[in-house]
């Protein structure tokens, strides 16, 4: 809210004084001045440590861990056991290594995954199914599918393993949805190439990507889990180690080579910064701007030094670049807290939450030190020197193998953290965490309730076509500022190892907001005309008023 708007509202509605004061910009750049957000423990033991997470369109989150460390803390149902002669720990294992968390009931259900999903990748397909690829040992070539449970048939919903659906072994790879509804799977350890899923006659092959070999450090391999985003022109922006390209995956050609990030320090695993494509705006314009933001990581050489007990301090910088500019240049910013192994989650109002991780060391078994307990909000539209705001701290260190995903109610689900090779709860610096928490940003505070929109139409899970005009009806119990309404749409991402694959936000120009009933308003906008802006699939749609989002609804675009 601008100061001018606040003055107008204060003069006309003095009774709203406490709320309006809270809404004025208030920025801090030190951990001692944390200003917002609350933490809630949801479950103390879900049975596994959540190394991977994906929110599905039935408001359930699929989570899984590696399968080869021995028994977990949750049994498989109905006397089931996993019998796998390739397992490195237990041939017969009657415990689960994947669970389904129900956001609505705050409960978990054990799932059966047969092959090893350790350090794998994935993305939700256009029909809402999670397609998950690769892993370790007997899982490196496997494709697995989890279809969202149908109401009333929850107990029968489980993983389906498709055998060797990948041509190349994939361990630490990255997946992304494409405009035609396929997934592209890029990289992985000793995999300097890419392939597609599902396969077609023309794409039943692997395709060389020399950029991955050029950015590979033989000693530290700090280009694993490359940061991949679909650009607005349909090409892929790929960032690995300290460099980036714009890549035409159809023609297998590099369209543009970007400048090296200043400082030249690595940002990908095991240096492990995190990255987002900032919200896409002005979607009806001829030229749409796309910006990439990468934050944190470690100085070059940190991984090898950490293995010898020398834990270097993490990076405290973010790099931001407009990838659609003819002559793109990096802008560097300083975070209030240095961080490696952090997660970056786009919130419904377009701000970015940075949480989890450590202030020293690197990713790997027991290689991180000094947990960073305070999240930070990054406000991309603020002036350069006032974008960061430190939030209230957590009490649970979230180190290596932590995860976080945005929920439809605006909270951020946080879990995982197991920097130990096995499940160790005592006698280690950072015990294995089997709990789940939720972080509620300050927009969920009760003081903002009368400014929070509530969507009443359309119903959740409605289907829309590309280019279709959409009418959203919503209520606001307090005073509505029509100039501060926007509609946002977020693709739920697959989160692991500090990167949320396929995470994407679109911000729609709403035009006029009309009053159509008592406290009932309607806002209209037009969906994108092609999958280059929004690949087909399910998205969470929010109405945002004065940076306060409604609870989202699921929409499917096709």
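In mature numbering (1 follows the signal peptide of the UniProt record, and there is no 0), the protein residues as written are -33 to -1, 1 to 525.
Note that the Cβ used here is the ideal one computed from N, Cα and C, for glycine as well.
Just so you know, these numbers come straight off a predicted model, no measurement behind them.
- In the DSSP assignment, residue 320 falls within the beta strand (DSSP E) that extends over 319 to 322.
- In summary, residue 417 is exposed, with fewer than 16 beta-carbon neighbours lying within 10 Å of its beta-carbon over all protein chains present.
- DSSP, read as helix, strand or coil, puts residue 174 in strand.
- Beyond the five residues adjoining it in sequence on each side, residue 345 comes within less than 7 Å, by CB distance, of 318, 319, 321, 354 and 355 in the same chain, given in chain order.
- With a 10 Å radius around the Cβ and a threshold of 16 neighbouring Cβ atoms, residue 117 comes out exposed.
- Checking the DSSP bridge columns, you'll see residue 167 has no partner listed.
- Distance between residue 457 and residue 304, taken at the CA atoms: about 27 Å.
- Scanning 103, 489, 95 and 60 for the CA closest to the CA of residue 436 turns up 489.
- Annotation: the continuous alpha helix (DSSP H) that includes residue 272 extends over 269 to 274.
- Taking all protein chains in view, the Cβ of residue 429 is surrounded by fewer than 16 other Cβ atoms within 10 Å, so the residue is classified as exposed.
- Closest option to residue 249, judged by alpha-carbon separation, among 482, 454, 519 and 328: 454.
- In this structure, the CA atom of residue 262 is about 44 Å from the CA atom of residue 483.
- Looking from the CA of residue 232, the closest CA among 274, 46, 27 and 187 belongs to 187.
- Where residue 289 is concerned, the enclosing beta strand (DSSP E) starts and stops at 284 to 289.
- With fewer than 16 other Cβ atoms from the protein chains shown falling within 10 Å of its own Cβ, residue 58 counts as exposed.
- Separation of the CB atoms of residue 146 and residue 495 is rounded to 10 Å, and the pair is thereby denied contact status at 8 Å.
- The residue from 12, 217 and 193 with its alpha-carbon nearest to that of residue 169 is 217.
- In this structure the stretch 65 to 83 touches the stretch 28 to 41; the number of beta carbon pairs closer than 8 Å is three or more.
- Residue burial is scored here from C-beta neighbours: residue 275 has fewer than 16 other C-beta atoms within 10 angstroms and is therefore classed as exposed.
- The stretch 46 to 55 and the stretch 73 to 87 touch, with three or more beta-carbon pairs separated by less than 8 Å.
- Within the model, the alpha-carbon separation for residue 438 versus residue 338 is close to 45 Å.
- In the three-state reduction of the DSSP assignment, residue 415 falls in the helix class.
- Contact between residue 462 and residue 144 is absent: CB atoms are separated by about 15 Å, not below the 8 Å threshold.
- Cα atoms of residue 100 and residue 84: separation of roughly 8 Å, rounded to the nearest angstrom.
- Ranking 513, 521 and 500 by CA distance to the CA of residue 199 puts 500 first.
- By the CB criterion at 8 Å, residue 160 and residue 176 fall inside the cutoff.
- In this structure, DSSP gives residue 370 an extended state, which the three-state scheme calls strand.
- Cβ contact annotation for residue 475 (same chain, cutoff 6 Å, sequence separation greater than five): 454 and 492, in chain order.
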